[in-house]
Structure formats: C-alpha cells, structure tokens
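**Student:** Counting from -9, one number per residue, gives the positions in the sequence shown under our numbering.
Just dropping this structure here.
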Amino acid sequence: MPTYEYVCKDCGHHLSVEQRMSDARLTDCPACGKPGLERQLSAGVFALKGSGWYETDFKGSKSGSAKSEAASAAPACSGGSCACH
C-alpha cells in the first residue's frame, strides 16, 4: 500500500498516511481541523523484505575475484574442441 505525504496549507502540519490508490484524498488537518490538507509529491520507497534479501547481494565480493582467478588458471582450448574455433 502506498504512503502519501500531506501538508496543511493553514498550519503547516506534515503527516504521512498509508492509503490505497483508490481511497479518497484527505482534506481535514488532524492538527488544526481545517480543510487545508494538500497531498505532496514525494519520492517512492523501494524496500526488499523477507528471507533471501541481504545487504551484500549484488555487490562485489571476494568470490567474484576467486572465479576470475579460476577462469585464468583454466587450460587454453586444444584447437577445435571448443566452440571458439
């Protein structure tokens, strides 16, 4: 569910509310009670939740350099036995 940010043009109160996209916009300010709330344009948030997502995923690691060392240590093709010839 998206989080929308609102600011009251009368008193300046800021608030964030989780709403469905189909829900009506809020109009009344919870701080001053006046119908001065305006929805603000804000950056979206992307969060990976659940098992299997780690901070180190998709970052360079030592295992990547170990793979490149193994590839360089592999013997060269023996002329025609691989797809490169």
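Using N, Cα and C, we set each Cβ at its ideal position, and we do this for glycine too.
1. In three-state terms, what does DSSP make of Arg10?
2. For the beta strand (DSSP E) containing Cys(-2), name the first residue and the last one.
3. Alpha carbon to alpha carbon, how far is Pro(-8) from Gly26? Give it in angstroms, no decimals.
4. So the candidates are Gly34, Tyr(-6) and Ser41; which of them puts its Cα closest to the Cα of Ser12?
5. How would you write the range of the beta strand (DSSP E) that Arg29 sits in, first residue to last?
**Tutor:** For this structure:
1. In the sequence shown, the residue the question calls residue 10 occupies position 20. Correct three-state label for Arg10: coil.
2. Start at 1 with the first residue of the sequence shown, and residue -2 comes out as number 8. Taken as a continuous stretch (DSSP letters only), the beta strand (DSSP E) holding Cys(-2) covers Thr(-7) to Cys(-2).
3. To locate residue 26, count along the sequence shown from 1; it is residue 36. To locate residue -8, count along the sequence shown from 1; it is residue 2. The straight-line gap from Cα to Cα measures roughly 21 angstroms.
4. Translated into positions along the sequence shown, residue 12 becomes position 22. Distances from the CA of Ser12 to each of Gly34, Tyr(-6) and Ser41 were compared; the closest alpha carbon is that of Tyr(-6).
5. Locating residue 29 in the sequence shown gives position 39, where the first residue counts as 1. Start and end: Leu27 to Gln30.
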